[in-house]
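Be aware that the sequence shown starts at 1, since it is given in the numbering used here, and climbs by one per residue.
Note that CB positions come from ideal geometry on N, CA and C, so glycine has one too.
If you're wondering where the values come from, they're calculated on a predicted model, not measured in any experiment.
A quick write-up on the structure given underneath.
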Amino acid sequence: TAVETDDCAIPVRPTWSVHELLSSYAKPTISPATLAHLHRLSALTPPDEGSQEHRTLTTELEELIKLVEAVRTANLGGSNTPKDETGIPDGRIWPENIGIDIQSRQELQKEFGDGRRLLAHATRTERGLYLVENDRS
Numbered sequence: 001t002a003v004e005t006d007d008c009a010i011p012v013r014p015t016w017s018v019h020e021l022l023s024s025y026a027k028p029t030i031s032p033a034t035l036a037h038l039h040r041l042s043a044l045t046p047p048d049e050g051s052q053e054h055r056t057l058t059t060e061l062e063e064l065i066k067l068v069e070a071v072r073t074a075n076l077g078g079s080n081t082p083k084d085e086t087g088i089p090d091g092r093i094w095p096e097n098i099g100i101d102i103q104s105r106q107e108l109q110k111e112f113g114d115g116r117r118l119l120a121h122a123t124r125t126e127r128g129l130y131l132v133e134n135d136r137s
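Structure follows, in structure tokens:
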């Protein structure tokens with residue numbers, strides 16, 4: 001379909017909207033049992049089932065899940081391997097069927113070490129780990 005544009009070839013009206021995009025995705029549902037399970041995992045007390053708080057929380061979580069799914073399916077072009085500021089791929093969201101580049105990791109380790117040198121600067125260590133005092137009162 002033709003889109004009406006101005007003299008600079010910029011569309012006069014938006015050609016899409018976030019609402020339109022998100023509404024095109026399937027609406028996820030969270031069962032009361034799943035919501036209760038998430039609360040148990042978080043060591044939180046779930047709202048009473050059927051309460052306004054329960055309905056609001058369920059709706060908001062479903063919207064978040066829909067947004068996350070939209071982001072996950074977005075085609076960003078280029079590499080699908082997210083990397084941090086050092087260029088090391090984030091292994092938590094590593095694409096399927098792609099292994100870790102061991103060579104790059106070994107080169108970084110040679111350049112920066114493995115972090116154990118920093119233990120020499122710590123006030124207290126135990127068995128090669130930093131020891132942090134914890135007030136248990």
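- When rounded, the separation of the alpha-carbon atoms in residue 39 and residue 48 is 12 angstroms.
- In the displayed model, residue 129 falls within a strand according to three-state DSSP.
- Only residues of its own chain outside the window of five on either side were considered, and among them 39 have a CB closer than 8 angstroms to the CB of residue 45, listed in chain order.
- Look at residue 5 here: in three-state DSSP terms it is strand.
- Put simply, the stretch 7–20 does not touch the stretch 52–59. Fewer than three CB pairs are less than 8 angstroms apart.
- Beta-bridge partners of residue 11 (DSSP): 5.
- When the Cα atoms are used, residue 65 and residue 130 turn out to be separated by approximately 37 angstroms.
- Rounded to the nearest whole angstrom, the CA to CA distance from residue 72 to residue 123 is 43 angstroms.
- Residue 41 places its beta carbon 9 angstroms or farther from that of residue 61.
- DSSP places residue 49 outside both helix and strand once states are collapsed to three, so it counts as coil.
- For residue 39, the uninterrupted alpha helix (DSSP H) segment begins and ends at 32–41.
- As the crow flies, the alpha-carbon of residue 98 is around 19 angstroms from that of residue 107.
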